[in-house]
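Protein chains in written order, with my numbering: chain Y, 1 to 114; chain L, 1 to 112.
Here it is in structure tokens:
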């Protein structure tokens with residue numbers, strides 16, 4: 001099956017700095033890569049996703065990049081704010097999966113200090 | 001628009017008692033449905049998934065079971081809870097042919 005590794009497990013940044021979270025996947029058949037943000041005690045929320053036919057996608061301060069050759073993808077948050085503090089999960093899903101099963105990384109606790 | 005509900009929001013149950021958690025989705029038909037558990041810490045563990053009524057697949061063998069009696073209803077059950085069943089239980093759905101998964105608000109279960 002697919003194996004998704006996520007690093008770092010914890011990340012602390014100063015407000016206004018950038019944050020980068022990296023994930024690697026093992027199965028070259030994976031072609032959908034979402035990112036979720038989970039605030040304390042809340043449900044995971046889908047914040048951005050990317051498909052394997054593109055290399056980068058941006059949404060305001062958030063961007064995701066994908067390197068299919070190296071089988072890794074990253075979440076970039078610019079101009080971080082205290083409300084960005086949360087646990088972030090990456091995931092991967094395989095091509096041809098009618099179920100759409102997601103394989104999740106173990107999460108990154110991001111803390112943004114004011 | 002689509003909405004996903006879970007209840008109860010919190011639950012405290014003694015060891016050995018039964019469990020029933022419910023999840024319903026509104027505003028869509030024939031969704032894929034999922035049950036996840038999030039134990040202390042951060043990981044999301046897939047427990048069960050379903051592509052249609054009566055079709056349940058299990059990811060992890062344990063004392064939990066799932067059922068899908070209606071198209072947009074997904075139930076997680078146990079006959080006898082263990083201490084290790086404590087956690088945050090999340091239901092999720094994805095549209096037919098879609099890739100995005102959307103999570104419900106979750107049920108926080110404490111087994112005492």
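The C-beta atom is built at its ideal place from N, Cα and C for all residues, glycine as well.
Chain Y within 8 Å of residue i, Cβ atoms only
i: residue 94 of chain L; result: yes
i: residue 13 of chain L; result: no
i: residue 106 of chain L; result: yes
i: residue 43 of chain L; result: yes
i: residue 90 of chain L; result: yes
i: residue 74 of chain L; result: no
i: residue 101 of chain L; result: yes
Through-space distance from residue j to residue i, alpha-carbon basis
i: residue 104 of chain Y; j: residue 52 of chain L; result: 23 Å
i: residue 25 of chain L; j: residue 7 of chain L; result: 12 Å
i: residue 57 of chain Y; j: residue 91 of chain Y; result: 16 Å
i: residue 68 of chain L; j: residue 75 of chain L; result: 6 Å
i: residue 71 of chain L; j: residue 31 of chain L; result: 8 Å
i: residue 39 of chain Y; j: residue 73 of chain L; result: 26 Å
i: residue 17 of chain Y; j: residue 63 of chain L; result: 46 Å
i: residue 32 of chain Y; j: residue 109 of chain L; result: 31 Å
i: residue 83 of chain L; j: residue 65 of chain L; result: 17 Å
i: residue 41 of chain Y; j: residue 70 of chain Y; result: 34 Å
i: residue 77 of chain Y; j: residue 63 of chain Y; result: 7 Å
i: residue 49 of chain L; j: residue 37 of chain Y; result: 22 Å
i: residue 29 of chain Y; j: residue 1 of chain Y; result: 10 Å
i: residue 1 of chain L; j: residue 84 of chain Y; result: 26 Å
i: residue 44 of chain L; j: residue 11 of chain Y; result: 19 Å
Minimum Cβ-Cβ distance from residue i to chain L less than 8 Å
i: residue 93 of chain Y; result: yes
i: residue 87 of chain Y; result: yes
i: residue 104 of chain Y; result: yes
i: residue 107 of chain Y; result: yes
i: residue 49 of chain Y; result: yes
i: residue 46 of chain Y; result: yes
i: residue 8 of chain Y; result: no
Where residue i falls, given that 16 or more other Cβ within 10 Å makes a residue buried
i: residue 80 of chain Y; result: buried
i: residue 113 of chain Y; result: exposed
i: residue 107 of chain L; result: buried
i: residue 121 of chain L; result: No statement about residue 121 of chain L is possible, as the shown extent of chain L runs from 1 to 112 and does not include it.
i: residue 67 of chain Y; result: exposed
i: residue 59 of chain Y; result: exposed
i: residue 86 of chain Y; result: buried
i: residue 54 of chain Y; result: exposed
i: residue 101 of chain Y; result: buried
For residue j and residue i, believed in contact at Cβ under 8 Å, the rounded distance
i: residue 185 of chain L; j: residue 19 of chain L; result: Residue 185 of chain L lies beyond the residue range present for chain L, which begins at 1 and ends at 112; the question has no answer from this structure.
i: residue 36 of chain L; j: residue 47 of chain L; result: 6 Å
Margin query: So within the region 78 to 107 of chain L, which uninterrupted beta strand (DSSP E) runs reach at least 3 residues, ignoring any that extend past its ends?
Written below: 87 to 94
Margin query: Which complete alpha helix (DSSP H) runs does the region 61 to 112 of chain Y hold, if anything under 4 residues is left out?
Written below: none
Notebook entry, point to check: Taking only runs of the beta strand (DSSP E) that begin and end inside the region 28 to 53 of chain Y, which ones reach a length of at least 3 residues, in chain order?
Noted result: 30 to 38, 45 to 51
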